[in-house]
Amino acid sequence: MTVTTNQSVILKPSYECSFPSALPARAYAKRRRCWLQRQRAILYKRLKVPPAINQFTQALDRQTATQLLKLAHKYRPETKQEKKQRLLALAEKKAAGKGDVPTKRPPVLLVGVNTVTTLVENKKAQLVVIAHDVDPIELVVFLPALCRKMGVPYCIIKGKARLGRLVHRKTCTTVAFTQFNSEDKVALAKLVEAIRTNYNYRYDEICRHWGGNVLGPKSVALIAKLEKAKAKELATKLG
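Numbering (numbering that gives the first Met the number 0), first residue to last: 0 to 238.
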């Protein structure tokens, strides 16, 4: 008599053939993470995007953006550590009997949609920089029209994280320049002229262009197939 033993086959979890375990856990998690972003990107390509939203694809060119960020780096607001050191130095002077010496506040970048909107409405902003990937876009979609109406130069730059690094944050929707040092006025004048030419003076032209409405490869192939069939049928009729 033969004795048979039932030995179960043990497979590694990362190589089991059932969905979603057909992929390694790390790869599957990555695909799940990116799916919403992929879906949104595809929707932006397929749907017809109105000009008010499509204008945020017209970002500043790399050379001008580099000059702008280089200039903006000089006007970064102070960090918490720098503020603490400044207040500590003032307290030490006061304790030494030197009294409070009034100091002029240096010009810095002003941050936030509400703050920038108020500055533009009061015509106190000299230059407004808007990030192109703000989500939801409704937060800043009105700013270009407002800046153009008030005669304030504005530009759209790629990456809210780049603006965030300027003001010691993870991300930032928009920043505004209100004052400049005297040594930067020449560079500022050239920069503002280039920005006005690309955005303020071209606002009507930019607002006439719709975006999106790009078909996928399957739809393009299907349309090409139908056109080929129509052409073949027409050639057959003509003999």
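Where is the CB? At the ideal position from N, CA and C, for every residue including glycine.
Sheet register partners of residue i (DSSP bridge)
i: tyrosine 153; result: Val127
i: lysine 47; result: Gly211
i: valine 174; result: Val110 and Val128
Cutoff 8 Å; reference residue i; Cβ partners in own chain excluding five residues on either side
i: alanine 58; result: Ala64, His131, Ile155, Ile156 and Lys157
i: alanine 188; result: none
i: threonine 56; result: His131 and Gly210
i: lysine 73; result: Asn180 and Asp183
i: isoleucine 136; result: Ile52 and Phe55
i: leucine 162; result: Val128, Ala130, Ile156, Thr170, Cys171, Thr172, Thr173 and Val174
i: tryptophan 34; result: none
i: proline 76; result: Val107, Leu108, Val110, Val166 and His167
i: glutamine 66; result: Ala186 and Leu190
i: valine 115; result: Leu109, Ala124, Val127, Leu142, Thr173, Val174 and Ala175
i: leucine 70; result: Asp183, Ala186, Leu187 and Leu190
i: arginine 85; result: Glu77
Same chain, Cβ closer than 7 Å to residue i, five either side skipped, listed in chain order
i: tryptophan 209; result: Lys47, Val48, Pro49, Pro50 and Asn53
i: valine 112; result: Leu138, Val139, Thr172 and Thr173
i: leucine 118; result: Leu109, Ala124, Ala175 and Thr177
i: lysine 93; result: Asp99
Anticipated Cβ contact below 8 Å, residue i with residue j, distance rounded
i: proline 106; j: glutamine 178; result: 4 Å
i: alanine 175; j: lysine 169; result: Between lysine 169 and alanine 175 the Cβ distance is about 19 Å, and since that is not below 8 Å, they are no contact.
Status (buried if at least 16 other CB within 10 Å, exposed otherwise) for residue i
i: isoleucine 222; result: exposed
i: valine 110; result: buried
i: leucine 87; result: exposed
i: proline 152; result: buried
i: alanine 220; result: exposed
i: leucine 42; result: exposed
i: valine 213; result: exposed
i: threonine 196; result: exposed
i: alanine 248; result: Here the chain has residues from 0 to 238 only, and residue 248 is not among them.
i: threonine 78; result: exposed
i: leucine 237; result: exposed
i: tyrosine 198; result: buried
Sequence-distant residues of the same chain with beta carbon closer than 6 Å to residue i, five excluded per side
i: glutamate 15; result: Low local confidence applies: a pLDDT of 49 at glutamate 15 is under 50, so the model's placement there is unreliable, with the coordinate-based value given in what follows. Cβ within range, chain order: n/a, list empty.
i: cysteine 206; result: Pro50
i: tyrosine 202; result: Arg147
i: methionine 0; result: Below a pLDDT of 50, predicted positions are generally treated as unreliable, and methionine 0, at 49, falls in that range; no measurement from the model is reported.
i: glutamate 226; result: none
i: lysine 122; result: Met149
i: isoleucine 194; result: Pro152 and Cys154
i: glutamate 192; result: none
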